[in-house]
Amino acid sequence: MSEKTKKTVGIHEAYANDPVKADLEIFGREVEPTTRRGFLKKSSLLAMAAVVGSNIPFANNMPSGLIPALLANSDKPFSVEGKDGLIYLNDRPINAETPAHLLNDEFTPDKHFFIRNNGVPPELNSIDLKTWTLEITGESCQNPKTFTIDELKKKFKHYTYAMTLECGGNGRHEFNPPTKGNQWEVGAVGCGRWTGVRLKDVLKDCGIKEDAVYIGYYGKDTHLSGDPTKVVISRGVPMSKALEDEILIAWAYEGEDIPYHNGYPLRLAIGGWPASVSGKWLSKIVIRNKIHDGEKMMGQSYRMPCEPVVPGSKVENDNMCIIESMPVKSLITFPKSGINHNINDKLKLNGKAWAGDLKVDEMYVSIDFGITWQKAKVNKPLNKTAWQTWETNVTFPKKGYYEVWARATDSKGNMQPMILPGWNPNGYLNNACHRIAVQVV
Ligand SMILES: Nc1nc2c(c(=O)[nH]1)N[C@H]1C(S)=C(S)[C@@H](COP(=O)(O)O)O[C@H]1N2
Ligand SMILES: [Mo]
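Structure representation (structure tokens):
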């Protein structure tokens, strides 16, 4: 770094004459903390050019207050066995997300699949595949039964489906005013092929009474408080969703045992809805004659205001509605944000897009802060609720700092919003466009 840029005074001054020559090492060091919170006025464009390290050809299109994507990332070490490259949010309970560029595989390898634990997983050495059981019961179950994993495997047909599992709070870090909970950036999502038996086959085998409306799950993890009577989480879905073909009681992920933190040895795999309905370390399913009232089904949990509210408002429980299908969303998974790219080359872009129970029909990218959009190729999903890969190439008119923005449209015509959608008290369902920083040199 040059002597000139080392001055803490006046980023403006330092680059006033030659913003293009700005030193990249400036990121996260000499930059005043306020720059991470966005630039309030366009008059600070020079400062912004200094911070991103070069001139910004489409600067006039940048919305006020936009934090350059180049500065919006963070990297921290991580250390759960079998996982690789995840960003660690908490260790008790363990919560870790996947950086976007590690979601570039068509199906997320188990080592990159995010972890969202609400409690303490059952001790690994207490898990015995021979004695692990799944009980099917509840007031709307005709013949309650208990199955070992072997019995499930022998009695029912096996299926494999790719499912997108995304935490309802993915993207929460962007909400303003901030909301409580894990401050996920973009990576509390993954999609891979789960193998198991259909939930509907097992439920039907136990008899579904006519008054059945919902199912609920229970898992073997324990409450953080250590109180054995407290349930960590027990959520569910309406019968109509539970009886879909692509919903599994799964024992394998990408052809291997499910990773320990992702629910080994048995979990529910329900794509397209908040991943909180996919119960891990699964031990019991109840068929209910009313909306399941388990832990984190009631009150404000996994619920959105039924009508939009003013940011920061308090919303009464009666005005909160249960989240069902997740909204349309996409990621740019290649290249990694912050790369340098040669002006003479086309830049190849790859990504993923998904839309809850719907499909993604169209995908667009922009290199000029959303003024013009170019259509990308979207590939078909493997099955319902699997994410879809997309790809395209872009070229840049001149050297400088760019952002690539990506925007998906679902099969009902809904598009991702460019910036944060409706504020809600728990910071759920942020499906704003993903963006990456590209330095064209
Ligand atoms: N038993 C149990 N199941 C659970 C959870 C949990 O804490 N315990 N977390 C839920 C939530 S909130 C999410 S987002 C997903 C995360 O799945 P993953 O950890 O495999 O990524 O699991 C869901 N199933
Ligand atoms: Mo979640």
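Counted from 1, the sequence shown has number 23 at position 23 by the UniProt record's numbering; the numbering is strictly sequential.
Ideal Cβ placement from N, Cα and C applies to all residues, glycine included.
Predicted, not measured: the structure shown is a model, and the values here were computed from it.
query: Met239 - containing beta strand (DSSP E), residue span; result: Careful: Met239 lies outside any beta strand (DSSP E), inside the alpha helix (DSSP H) at 239-242.
query: For Val309, three-class secondary structure by DSSP; result: coil
query: CB contact flag (Leu224, Val120, <9 Å); result: yes
query: Outcome for Val441 when other beta-carbon atoms lying within 10 angstroms are tallied against a minimum of 16; result: exposed
query: Beta-carbon spacing of Met363, Ser330 below 9 Å; result: yes
query: Sequence-distant residues of the same chain with beta carbon closer than 8 Å to residue 513, five excluded per side; result: No information on residue 513 is available, as it lies outside the stretch 1 to 441 that the chain covers here.
query: At least three beta-carbon pairs within less than 8 Å, the stretch 305-320 to the stretch 206-217; result: no
query: Three or more C-beta pairs below 8 Å linking the stretch 225-235 and the stretch 290-304; result: yes
query: Ligand 2 heavy atom lying under 8 Å from the CB of Pro417; result: no
query: When Val189, Asp361, Asn61, Gly219 are compared against Phe107, the one with the closest alpha-carbon; result: Val189
query: Within 9 Å, strictly: CB atoms of Asn319 and Pro305; result: yes
query: Burial state of Ser240, where buried means 16 or more other Cβ atoms lie within 10 Å; result: exposed
query: Cβ neighbours of Val197 in the same chain (closer than 6 Å, five flanking residues each side left out); result: Leu152, Phe156, Ile249
query: Endpoints, the alpha helix (DSSP H) within which Val202 is located; result: 199-206
query: Straight-line gap, Thr98 to Ile87 (C-alpha atoms, nearest Å); result: 6 Å
query: Any non-hydrogen atom of ligand 1 within 8 Å of Arg288 CB; result: no
query: Gly400 Cβ short of 8 Å to ligand 2 heavy atom set; result: no
query: Close beta carbons around Asn73, own chain, < 8 Å, minus the five adjacent residues each side; result: Note on Asn73: pLDDT 48, under 50, position unreliable in the model; no value is reported.
query: Enclosing beta strand (DSSP E) for Glu166 [first to last residue]; result: 158-166
query: Cys141 CB to nearest heavy atom of ligand 1 below 8 Å; result: no
query: Burial state of Val378, where buried means 16 or more other Cβ atoms lie within 10 Å; result: buried
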